[in-house]
Each structure stands twice: as structure tokens, then as C-alpha cells.
């Protein structure tokens, strides 16, 4: 409930939306909490490549399908007693009956359903349309856990497009290769504090 359906306590996502709402933007994120959507970002401009805490999938998985969990999660919160939920609310796959798990890329059982592929296609289309255009690759808080998803591709796309600019805001890991330093800004600072100042 907290990790998917409650809005973040700080206005970081709201302030980011203020900065890009009138731009031709697209968000690629490894976050699975849907804070972008809760802040009002256009769902068609989001790609949650690592999954969605709002979806369950078969733990096996027996199929490449996911199921929305909001109604059941809210019931679990309302009906829990002593940190336990009613047995009938424990999710099981409607196809094979095995226990369900979160739609989270943590091993080789991650389900990429139709929604995942549709979002991936929209992201690829955005990259195609902006391949040689003036574009800013804005990297916010990406760490060393999954740099191949956002950080390294952003560096490569900036290098390949003379009209591209790279910006990284990160409290402790703001950097870029020397090959793009002339078209890059790296800010070693808290993302929230930086965006707040830009919105003033």
C-alpha cells in the first residue's frame, strides 16, 4: 500500500512535472512505485522497465500476464489484524493456482506483459523521433545498481547526437565520460532540493 498507492511525502515528482509538463518528454524509470503517475505524469509517456508494484504475476510464472492488485491490497490493509490478512485475500494465480508475487524484475521469473511491451514500444518510438533532434537526457538519482538501463544508454545517445545534452543530478554518483563533458552538466546534490530551487 505504502510502496505503490500512497503518494510520496515530498513534492519531488510534482516539481519535476512542473518543469516538463509543456515539453515533449518521456520518462524511463527503474522505480516500481508509480510515483510519476501519482504526480500526474501522462501514463502514455512512462516506461516502468523493472515492473510495477500495482501488478501481481504468477510466481512460476505459468503465463506472461499480470493482474491489477489495488482492490485486494486496499482490502488487505482494511481487514488485517495483528499483521495478518484474511486467508481468502492471499493472491493465487487465476490460471494455475500457484501463489502470486509482485511484478518486479528481481530474477528470471519477471513477467513482461502486453502493457510492458506497449510502453517499451512508445519509448523506442520516442527515441527514434528524437534521434538527431535537440534533446536533453535528464538522469535523476540513478545509482550503480542498474546503470545499463538509464545511465549508460543516456551517455551513448548523447555522444551519438551532436544536438543532445546530458544532465545528471545525483547526491553521490553524478558523473559522465570525458567524451560528452562539453555537452553535459553533472550536479552532485540532492534531487529534491535541486528541483525545488528550479521551480521557485
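Numbering (the numbering used here), first residue to last: 1028 to 1227. From the three backbone atoms N, C-alpha and C, an ideal C-beta is built for every residue, glycine too.
For residue 1102, the closest of 1089, 1091, 1116 by C-alpha to C-alpha distance is 1116. In the same chain as residue 1054, and ignoring 5 residues on each side of it, the C-beta atoms closer than 8 Å to its own belong to 1063, 1068, 1072, 1073, 1074, in chain order. For residue 1211, the number of other beta carbons within 10 angstroms of its own is at least 16, and it is reported as buried. In its chain, beyond the 5 residues on either side, 1186 have a beta carbon closer than 6 Å to the beta carbon of residue 1206. Under DSSP, residue 1195 shares a beta bridge with 1166, 1213. Each residue's CA atom was taken as its position, placing residue 1201 and residue 1098 some 39 Å apart. Taking 8 Å as the upper bound for CB-CB distance, residue 1079 and residue 1061 are in contact here, some 6 Å apart.
Annotated three-state conformation of residue 1099 is helix, per DSSP. Residue 1031 sits away from residue 1077, with the two beta carbons spaced by 8 Å or more. For residue 1084, the closest of 1145, 1199, 1140 by C-alpha to C-alpha distance is 1140. Membership of residue 1040 in the alpha helix (DSSP H) is indicated by the continuous run 1039-1047. Spatial neighbours of residue 1043 in its own chain (CB-CB distance under 6 Å, excluding positions within 5 residues in sequence) are listed in chain order as 1222.
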